[in-house]
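Below is one structure, written out as structure tokens; comments come after it.
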Amino acid sequence: MSEWHALELNEVLRRLETNLNGLSPQEASKRLEKYGYNELKEVKKRTALQMFLDEFKDVFVLLLIAAAIFSAIIGYWEILHGGE
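93 is the number that the working numbering gives to position 69 of the sequence shown; each next residue is one higher, with no gaps.
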């Protein structure tokens with residue numbers, strides 16, 4: 025799609041198949057039936073818990089968690105065995 029703000033008025037009207045008076049009621053009805061209402065569909069909102077859990081789908085996050093667990097195990101092992 026072009027950068028509409030940079031187009032000449034006549035070009036915009038031509039591309040939208042309309043004129044300065046707007047759409048006729050018949051054309052508006054036809055386009056409404058074809059394209060539907062000019063509104064955004066509501067997206068189901070994600071909870072904070074869902075967003076938090078979604079972070080664990082990333083391979084790098086899982087790698088960091090694995091490294092942290094490994095480091096904790098090694099640290100605990102050294103404490104138990106006195107650094108031997």
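Glycine included, each C-beta is placed from N, C-alpha and C at the ideal position.
Euclidean distance between Cα positions of GLU66 and PHE80: Here the alpha carbons of PHE80 and GLU66 stand approximately 26 angstroms from one another.
Local conformation of LEU24 per DSSP, three classes: A query on residue 24 cannot be resolved here, the shown segment of the chain reaching from 25 to 108 and no further.
Continuous alpha helix (DSSP H) assignments of at least 4 residues falling wholly in the stretch 40 to 95: Runs of the alpha helix (DSSP H) inside the stretch 40 to 95: 49 to 59, 72 to 78.
Backbone CA spacing between GLY106 and SER95 [nearest angstrom]: Pairing GLY106 with SER95, the inter-Cα distance amounts to about 16 angstroms.
LYS54 to ARG39 span [Cα, whole Å]: About 17 angstroms.
Alpha-carbon to alpha-carbon, ARG70 and GLN50: Straight across, the Cα-Cα distance linking GLN50 with ARG70 is about 41 angstroms.
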